[in-house]
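Below is one structure, written out as structure tokens; the observations come after it.
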Amino acid sequence: MNYIKRILIIRFSSLGDIVLTTPIIKSLKEKFPQSKIFFLTKSQYHDLLENDPHIFSLIKFDPKEKHKGISGFLKLVQELKALEFDLVVDLHANLRSFLIRHLLKTELKIKYDKRWLARFLLVHFKFIKVKPMHTVDSYFGALKKIGVSSVEKDPQIFLGEEGENFLKDFLIEKNIEKDDIVVGIHPGARWETKRWDEEKFTQVCQILNQKPKVKIILFGDQKDQEVIDRMNLQAEDQKLFKAVNLPLNIFMSLIKRCNCFITNDSGPMHIASALRVPVVAIFGPTHPKLGFSPIGPENIVLTANVKCSPCSLHGEKKCHKKSRLCMDLIPPEMVVDSVERLLKNKFSVKKGT
Numbered sequence: 002m003n004y005i006k007r008i009l010i011i012r013f014s015s016l017g018d019i020v021l022t023t024p025i026i027k028s029l030k031e032k033f034p035q036s037k038i039f040f041l042t043k044s045q046y047h048d049l050l051e052n053d054p055h056i057f058s059l060i061k062f063d064p065k066e067k068h069k070g071i072s073g074f075l076k077l078v079q080e081l082k083a084l085e086f087d088l089v090v091d092l093h094a095n096l097r098s099f100l101i102r103h104l105l106k107t108e109l110k111i112k113y114d115k116r117w118l119a120r121f122l123l124v125h126f127k128f129i130k131v132k133p134m135h136t137v138d139s140y141f142g143a144l145k146k147i148g149v150s151s152v153e154k155d156p157q158i159f160l161g162e163e164g165e166n167f168l169k170d171f172l173i174e175k176n177i178e179k180d181d182i183v184v185g186i187h188p189g190a191r192w193e194t195k196r197w198d199e200e201k202f203t204q205v206c207q208i209l210n211q212k213p214k215v216k217i218i219l220f221g222d223q224k225d226q227e228v229i230d231r232m233n234l235q236a237e238d239q240k241l242f243k244a245v246n247l248p249l250n251i252f253m254s255l256i257k258r259c260n261c262f263i264t265n266d267s268g269p270m271h272i273a274s275a276l277r278v279p280v281v282a283i284f285g286p287t288h289p290k291l292g293f294s295p296i297g298p299e300n301i302v303l304t305a306n307v308k309c310s311p312c313s314l315h316g317e318k319k320c321h322k323k324s325r326l327c328m329d330l331i332p333p334e335m336v337v338d339s340v341e342r343l344l345k346n347k348f349s350v351k352k353g354t
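The sequence shown runs 2 to 354 under the numbering used here.
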């Protein structure tokens, strides 16, 4: 397959899913070192991959302006046709990527299997035993036909100079020193049912704040502003800082400084893991066996393993029970203990000490 010189990878969204494509990007470059890899994604996720050394060019899909409507979409297709790809790798497998794949004249085209049936059975027929498979393994499974192996599965994100400069200024402004233990907390998630209770996050802050040299950064977007403001007030400590609604490259740089990152099942969970930051991930209505758990040797996934979980693929359904057992059965002490295990060489966290 020496003729493969131009490769198009398609993954429009979202944060976590795009992060999970990074092992594929690297493996394709290693398999075809002379090739140029183009990555097609939505414009708002550009910063995720901007500094990836394995990517030759990022192609921004802008469905709200430049590529709006049918005419805009066809314009995008024409732009892609002009690049004359030798290989198209569809890692999204939705209607848009299907149309692009079929409208391009490229002979070699690959689509990843979303395992819809397996995931449907895991959600709706839990008594049927289905072998779990991580999304990264599903991605690699699509590439077997061209001899790309899954030797290295850990996602990786590369940061740029702008984010690094902001980080330096932020650390100076907040008086965060080199030997401080920084714990990042991200209380948000796309769906409300995937959010661990605000009160429990606050209790975690209060316990960790009792330890010397611990500084906490609360991460979130505009939707998380009120929650983070309340958590900040209730914690009542000068060692807690807010990082809300920041540009993606700045957001990632701050996460990189963290010694540990506590989060719901969310995109930032995958970002932290890809930046080699130890993660404590809280799963409730979703479940790791659906294939979206963080990958890495220093991650801890917490789940209550109740019979009704997973109740949906992405956590979009409202809980039909009086109490969210999948979240209620994960107490703050369990999260703090997980932080202690990940940072055992830095400090020992004990409630009330």
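Glycine is no exception: its CB is placed at the ideal position from the N, C-alpha and C atoms. All values derive from a computational prediction rather than experimental measurement.
The criterion of a C-beta distance shorter than 8 Å is satisfied by N260 and L344. Judged by beta-carbon spacing, N265 lies within the 8 Å limit of I283, meaning their Cβ atoms are closer than that value.
Judged by DSSP in its simplified three-state form, A282 adopts strand. The beta-bridge partner set that DSSP reports for I158 is empty. Nearest to G185 by C-alpha distance, out of K146, L241, K195, Q223, is L241.
D155 is positioned such that its CB atom lies closer than 8 Å to that of I296. With three or more CB-CB distances shorter than 8 Å, the region 73–81 counts as touching the region 89–106. For K27, the enclosing alpha helix (DSSP H) begins and ends at 23–32.
Going by beta carbons, H135 and G316 fall outside the 8 Å limit.
Just so you know, the alpha carbons of H288 and I256 end up roughly 24 Å apart. The straight-line gap separating the alpha-carbon atoms of P311 and T304 is approximately 10 Å. Minimum Cα-Cα distance from V337 among the listed residues K243, V205, K290, Y4 corresponds to V205.
C261 has V184 as its beta-bridge partners, per DSSP.
With contact defined as three or more Cβ pairs closer than 8 Å, the region 143–150 and the region 164–177 are not in contact.
When DSSP states are grouped into helix, strand and coil, V307 belongs to the coil group.
Counted as a single uninterrupted DSSP element, the beta strand (DSSP E) harbouring L241 occupies residues 241–245.
In this structure V340 touches I263 by the C-beta definition: roughly 7 Å separates them, less than 8 Å. From the listed residues P333, I19, L29, H47, the smallest Cα separation to F202 is found for P333. Contact between Y140 and L88 is ruled out by a C-beta separation of about 15 Å, above the 8 Å threshold. When rounded, the separation of the alpha-carbon atoms in W117 and M270 is 23 Å. Apart from sequence neighbours up to five positions away, no residue of its chain approaches N3 with a beta-carbon distance below 6 Å. In this structure, the CA atom of I173 is about 37 Å from the CA atom of F62.
Listed in chain order, the non-local C-beta contacts of V245 below 8 Å within the same chain comprise L219, F220, G221, D222, Q223, D225, Q226, I229, local neighbours out to five positions each way being set aside. Counting along the chain, no alpha helix (DSSP H) covers S58; the unbroken beta strand (DSSP E) around it starts and ends at 58–62. Between H47 and L144, the alpha-carbon positions lie close to 24 Å from each other.
For D48, the enclosing alpha helix (DSSP H) begins and ends at 47–50.
Between R12 and K37, the beta carbon gap of about 17 Å keeps them out of contact (Cβ cut-off 8 Å). Under DSSP, D91 takes part in a beta bridge, and its partners are I11, K112. For G268, the enclosing alpha helix (DSSP H) starts and ends at 268–275. The beta carbons of A273 and T23 sit no closer together than 8 Å.
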